[in-house]
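Protein sequences, first through last, are from chains A and B. Sequence positions in the first sequence follow the numbering used here and run 5 to 292. Sequence positions in the second sequence follow the numbering used here and run 2 to 333. Backbone N, C-alpha and C define an ideal beta-carbon position, used for all residues, glycine too. Okay, structure first, notes after.
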Amino acid sequence: MSSDQMSSPARTSPVRPASGWVFMASELSVLFRRRRTWALLLALAAIPILIAIAVRLTSGPPSGRGPAFLDQITQNGQFVSVTALTVAIPLFLPLTVGVVAGDTIAGEASSGTLRYLLVAPVGRARLLVVKYAAAAIFCLSGTLAVAVTGTLIGAALFPVGPVTLLSGDTIGVGESLLRTFLICAYVTVSLLGLCAVGLFISTLTDVPVGAMAATVVVAVISQVLGQLPQLEWIHPWLLSQYWFGFADLLREPIEWSSFGSNALLQAGYVVVFGALAYGRFTSRDILA
Amino acid sequence: MSAADLQTAGSALADPVVQTHRLTKRFGAQTVVDGIDLSVPRGSVFGFLGPNGSGKTTTIRILLGLAAATSGEVHVLGQAIPRHLPNVLPRVGALVEGPGFYPFLSGRANLRRLDAADRFVSPSTRRSRVETALERVGLSHAAGKKVGAYSLGMKQRLGIANALLTHRDLIVLDEPTNGLDPQGTREVRHLVRSLTAEGTTVFVSSHLLAEVEQICSHVAVLRAGRLVAQGTLDEVRGAGQKLLQVLTPDVELAHQVLAGVGLIAEGQLHDHHDYHDGSPRISVPLPADFPPDRIATALVSAGVRINGFSVEQAGLEDLFVALTGEGFDVVQ
Ligand SMILES: Nc1ncnc2c1ncn2[C@@H]1O[C@H](COP(=O)(O)OP(=O)(O)OP(=O)(O)O)[C@@H](O)[C@H]1O
Ligand SMILES: [Mg+2]
Numbered sequence: 005m006s007s008d009q010m011s012s013p014a015r016t017s018p019v020r021p022a023s024g025w026v027f028m029a030s031e032l033s034v035l036f037r038r039r040r041t042w043a044l045l046l047a048l049a050a051i052p053i054l055i056a057i058a059v060r061l062t063s064g065p066p067s068g069r070g071p072a073f074l075d076q077i078t079q080n081g082q083f084v085s086v087t088a089l090t091v092a093i094p095l096f097l098p099l100t101v102g103v104v105a106g107d108t109i110a111g112e113a114s115s116g117t118l119r120y121l122l123v124a125p126v127g128r129a130r131l132l133v134v135k136y137a138a139a140a141i142f143c144l145s146g147t148l149a150v151a152v153t154g155t156l157i158g159a160a161l162f163p164v165g166p167v168t169l170l171s172g173d174t175i176g177v178g179e180s181l182l183r184t185f186l187i188c189a190y191v192t193v194s195l196l197g198l199c200a201v202g203l204f205i206s207t208l209t210d211v212p213v214g215a216m217a218a219t220v221v222v223a224v225i226s227q228v229l230g231q232l233p234q235l236e237w238i239h240p241w242l243l244s245q246y247w248f249g250f251a252d253l254l255r256e257p258i259e260w261s262s263f264g265s266n267a268l269l270q271a272g273y274v275v276v277f278g279a280l281a282y283g284r285f286t287s288r289d290i291l292a
Numbered sequence: 002m003s004a005a006d007l008q009t010a011g012s013a014l015a016d017p018v019v020q021t022h023r024l025t026k027r028f029g030a031q032t033v034v035d036g037i038d039l040s041v042p043r044g045s046v047f048g049f050l051g052p053n054g055s056g057k058t059t060t061i062r063i064l065l066g067l068a069a070a071t072s073g074e075v076h077v078l079g080q081a082i083p084r085h086l087p088n089v090l091p092r093v094g095a096l097v098e099g100p101g102f103y104p105f106l107s108g109r110a111n112l113r114r115l116d117a118a119d120r121f122v123s124p125s126t127r128r129s130r131v132e133t134a135l136e137r138v139g140l141s142h143a144a145g146k147k148v149g150a151y152s153l154g155m156k157q158r159l160g161i162a163n164a165l166l167t168h169r170d171l172i173v174l175d176e177p178t179n180g181l182d183p184q185g186t187r188e189v190r191h192l193v194r195s196l197t198a199e200g201t202t203v204f205v206s207s208h209l210l211a212e213v214e215q216i217c218s219h220v221a222v223l224r225a226g227r228l229v230a231q232g233t234l235d236e237v238r239g240a241g242q243k244l245l246q247v248l249t250p251d252v253e254l255a256h257q258v259l260a261g262v263g264l265i266a267e268g269q270l271h272d273h274h275d276y277h278d279g280s281p282r283i284s285v286p287l288p289a290d291f292p293p294d295r296i297a298t299a300l301v302s303a304g305v306r307i308n309g310f311s312v313e314q315a316g317l318e319d320l321f322v323a324l325t326g327e328g329f330d331v332v333q
């Protein structure tokens with residue numbers, strides 16, 4: 005250690021605080037420098053690869069079973085990404101989002117970094133916003149990991165050409181890539197509500213694994229409730245209500261209403277659980 | 002002694018860096034901090050002492066706005082906490098209850114991350130400030146290593162470095178020498194002195210009384226959430242209170258002589274001796290104005306054989322035990 009007395013440069017006078025982007029960038033770099041984040045993204049990317057290889061190896065006549073769009077893959081590789089997203093939506097995507105969103109605050113608490121961030125100082129509200137934004141960016145990354153890998157492996161293993169939509173119309177390759185991107189946007193939006201739920205649960209505990217598991221359980225329960233016709237009155241309010249509505253983007257003209265309803269519902273979840281997270285986190289003692 | 006002592010005499014006393022009024026914190030039914038009135042003078046090195054579980058870390062958490070007080074008032078750097086935290090925290094550096102870092106990032110990356118979280122420092126000097134802080138705690142060579150691979154003491158040093166990232170008006174160190182080797186401990190002492198020289202007030206909690214005695218200008222002692230002593234080191238040690246120790250085989254005779262000069266009351270002749278390395282030792286408090294040579298002369302002329310004769314300032318450890326009790330069990 006050097007106890008050189010002049011070695012500490014003076015603080016530049018704190019006239020005007022810097023913008024929040026520096027911390028946002030730091031948050032993203034911490035998220036994407038974690039091996040865990042890459043493991044999650046790789047696991048998601050493995051889904052289209054497995055699907056494409058399995059279809060390629062067993063290319064018999066279509067059986068009519070399995071996830072939607074599966075049978076179209078042999079005719080057109082561009083269906084790999086849509087099929088993979090359909091497979092990933094009920095469990096794999098919520099799982100990875102649950103890990104990242106459940107970790108937001110609880111992970112910092114358990115590693116002891118939360119108190120140092122707050123003392124640094126990061127305001128509690130700012131920390132919540134930055135954490136949520138980073139988790140939302142992870143939702144987009146996860147969706148893109150599935151879709152981009154699916155598009156590439158589909159093009160590598162299967163013919164690529166004009167796509168016949170659910171409405172019977174045919175679109176070119178460029179247009180179909182655009183539709184795939186729209187579906188990614190739809191799926192990302194679908195996950196934003198779950199992200200907010202995860203953020204809130206994460207403020208309740210110092211045990212990240214608990215928050216992760218609870219978030220995934222919420223996603224599963226929402227889908228189970230969605231399957232019960234007796235609970236039809238609750239369905240419009242369920243987190244997962246519009247998760248599979250992206251098929252409407254595969255019509256000509258595009259049916260935007262499910263996109264709109266989904267966005268509205270997810271925004272509702274973000275507002276409610278964001279407010280709960282704020283209320284909890286700003287009033288809580290940080291004892292970890 | 003540091004410049005701190007000179008300052009405390011002046012106006013600085015009226016403007017403490019940390020001031021609490023009847024600060025209380027309850028966890029459920031347990032009162033962990035019980036109506037304490039702290040006053041930390043500007044420029045001081047303030048030792049915050051107390052047995053395990055006496056409420057030191059809890060108090061520090063409240064000062065930093067991590068926990069809310071149940072009742073009472075807190076002012077840090079002259080501003081009310083928690084209302085003015087955003088103004089206060091940029092001027093405060095802290096190590097609270099051990100270091101906390103991302104194990105998957107290097108020491109350097111961790112410091113850059115925490116520095117990036119502070120909106121009130123210049124990003125353009127970040128690299129150099131991080132390197133300087135690493136150098137000050139002797140971690141320059143291990144800065145590229147993942148914190149997960151750090152030893153206990155290395156993490157502790159990194160935690161101290163985090164408090165030094167920029168100039169601070171107040172630095173709070175909760176048991177800074179925890180897990181440090183003797184060199185590290187000594188360097189922390191140097192560090193604290195250099196911080197004081199830069200005008201930083203240092204608030205340090207510790208159990209290591211010898212350490213505290215060497216670096217602190219002021220101390221406060223906490224016992225089960227209550228403040229049992231506070232003031233300058235000398236005030237708390239009992240200014241001028243000294244301890245006379247005589248090593249002699251002639252215990253009876255020596256007692257009589259000491260009673261004769263008025264140092265021992267007649268009734269308690271035998272309460273003042275114990276054994277030190279197997280030979281009897283007599284210890285009695287010596288009033289400040291009592292000349293020790295008079296005692297030596299009296300002992301010798303009475304024919305008492307003397308193997309050792311010393312006059313010492315009562316140690317902080319004796320005082321600490323006297324204030325907080327002998328018992329080893331943690332007070333609930
Ligand atoms: N989260 C908590 N919930 C309930 N009680 C707590 C909590 N944190 C601390 N305590 C209690 O508060 C008391 C004081 O704890 P604190 O950590 O402030 O002690 P300390 O003086 O820092 O001790 P040490 O020297 O061991 O670090 C203890 O009795 C402890 O059990
Ligand atoms: Mg403690």
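Between the C-alpha atoms of residue i and residue j, what's the straight-line distance to the nearest angstrom?
{"i": "R128(B)", "j": "L115(B)", "result": "12 Å"}
{"i": "Y276(B)", "j": "A110(A)", "result": "55 Å"}
{"i": "L96(B)", "j": "S206(B)", "result": "10 Å"}
{"i": "V312(B)", "j": "G232(B)", "result": "24 Å"}
{"i": "L78(B)", "j": "Y120(A)", "result": "19 Å"}
{"i": "G146(A)", "j": "Q82(A)", "result": "18 Å"}
{"i": "L196(B)", "j": "A124(A)", "result": "19 Å"}
{"i": "Q246(B)", "j": "F321(B)", "result": "20 Å"}
{"i": "A144(B)", "j": "R109(B)", "result": "5 Å"}
{"i": "A267(A)", "j": "D252(A)", "result": "14 Å"}
{"i": "I307(B)", "j": "G149(B)", "result": "58 Å"}
{"i": "T117(A)", "j": "D289(A)", "result": "15 Å"}
What is the DSSP secondary structure of residue i, counted as helix, strand or coil?
{"i": "D289(A)", "result": "coil"}
{"i": "F102(B)", "result": "coil"}
{"i": "E256(A)", "result": "coil"}
{"i": "G272(A)", "result": "helix"}
{"i": "H239(A)", "result": "helix"}
{"i": "Y282(A)", "result": "helix"}
{"i": "Y136(A)", "result": "helix"}
{"i": "L122(A)", "result": "helix"}
{"i": "P52(A)", "result": "helix"}
{"i": "P87(B)", "result": "helix"}
{"i": "M2(B)", "result": "Low confidence applies here, because M2(B) scores a pLDDT of 42, under 50, leaving its location unreliable and the question unanswered by this model."}
{"i": "V103(A)", "result": "helix"}
By the criterion of Cβ-Cβ separation under 8 Å, what are the contact partners of residue i in chain A?
{"i": "N179(B)", "result": "Those within 8 Å of N179(B) in chain A number zero; the least Cβ separation is about 14 Å."}
{"i": "N163(B)", "result": "Y120"}
{"i": "P183(B)", "result": "Chain A residues near P183(B): none, gap ~13 Å exceeds 8 Å."}
Starting from residue i, follow the beta strand (DSSP E) in both directions and report where the run begins and ends.
{"i": "R27(B)", "result": "19–28"}
{"i": "E188(B)", "result": "Per DSSP, E188(B) belongs to no beta strand (DSSP E); it is in the alpha helix (DSSP H), 183–198."}
{"i": "D175(B)", "result": "171–175"}
Taking residue i as part of the alpha helix (DSSP H), name the residues at either end of that continuous run.
{"i": "E1(B)", "result": "Nothing about residue 1(B) can be reported from this structure: the residues present for chain B run from 2 to 333 only."}
{"i": "L153(B)", "result": "153–164"}
{"i": "Q231(A)", "result": "212–231"}
{"i": "Y190(A)", "result": "177–208"}
{"i": "D173(A)", "result": "Element bounds for D173(A): n/a, residue is neither H nor E."}
{"i": "L234(B)", "result": "234–238"}
{"i": "L67(B)", "result": "Where L67(B) is concerned, there is no enclosing alpha helix (DSSP H), given that its DSSP letter is neither H nor E."}
Can you list the residues of chain B that residue i reaches, using a CB-CB cut of under 8 Å?
{"i": "R284(A)", "result": "Within 8 Å Cβ-Cβ: nothing; R284(A) doesn't reach chain B, min ~14 Å."}
{"i": "D289(A)", "result": "R62, L67, A68, A69"}
{"i": "R30(A)", "result": "The question names Arg, but residue 30(A) is Ser in the sequence shown. Those within 8 Å of S30(A) in chain B are R113, R114, A117, A118."}
{"i": "F27(A)", "result": "A117, A118, R120"}
Run through chain B and tell me which residues come within less than 7 Å of residue i, C-beta to C-beta.
{"i": "A124(A)", "result": "L115, A118, D119"}
Give the residues of chain B in contact with residue i, contact being defined as C-beta atoms less than 9 Å apart.
{"i": "S115(A)", "result": "G101, F102, Y103, P104"}
Show which residues of chain A have a CB atom less than 7 Å away from the CB atom of residue i.
{"i": "A95(B)", "result": "V123"}
Decide yes or no for the touch test of the segment 215–223 of chain A against the segment 113–133 of chain A: beta carbon pairs closer than 8 Å, at least 3 of them. Of all C-beta pairs linking the segment 215–223 of chain A to the segment 113–133 of chain A, fewer than three are shorter than 8 Å, placing the two stretches out of contact.
Decide if the segment 126–142 of chain B is in contact with the segment 50–60 of chain A; the criterion is three or more beta carbon pairs, one per stretch, under 8 Å apart. Taking a cut-off of 8 Å for Cβ pairs, the segment 126–142 of chain B and the segment 50–60 of chain A do not touch, as fewer than three such pairs fall below it.
May I ask you to verify whether the segment 133–149 of chain A touches the segment 32–39 of chain A, counting CB pairs closer than 8 Å and requiring at least 3? Yes, the segment 133–149 of chain A touches the segment 32–39 of chain A.
contact_flag[the segment 152–163 of chain B, the segment 176–186 of chain B] where n(CB pairs < 8 Å) is 3 or more: Taking a contact to require three or more Cβ pairs closer than 8 Å, the segment 152–163 of chain B and the segment 176–186 of chain B qualify as touching.
Closer than 8 Å is the cut-off here; do at least three beta carbon pairs connect the segment 16–32 of chain B with the segment 275–287 of chain A? Judged by pairs of C-beta atoms under 8 Å, the segment 16–32 of chain B does not touch the segment 275–287 of chain A, as fewer than three such pairs exist.
Can you find at least 3 beta carbon pairs, one from the segment 46–56 of chain B and one from the segment 210–217 of chain B, that sit closer than 8 Å? The segment 46–56 of chain B vs the segment 210–217 of chain B: in contact.
The segment 250–262 of chain A / the segment 29–42 of chain B touching (three or more Cβ pairs under 8 Å): No contact exists between the segment 250–262 of chain A and the segment 29–42 of chain B.
Determine, using beta-carbon pairs with one atom in the segment 74–92 of chain A and one in the segment 229–237 of chain A, whether at least three such pairs fall under 8 Å. Touching, no.
contact_flag[the segment 157–169 of chain A, the segment 240–247 of chain A] where n(CB pairs < 8 Å) is 3 or more: Judged by Cβ distances under 8 Å, the segment 157–169 of chain A makes no contact with the segment 240–247 of chain A, as fewer than three pairs qualify.
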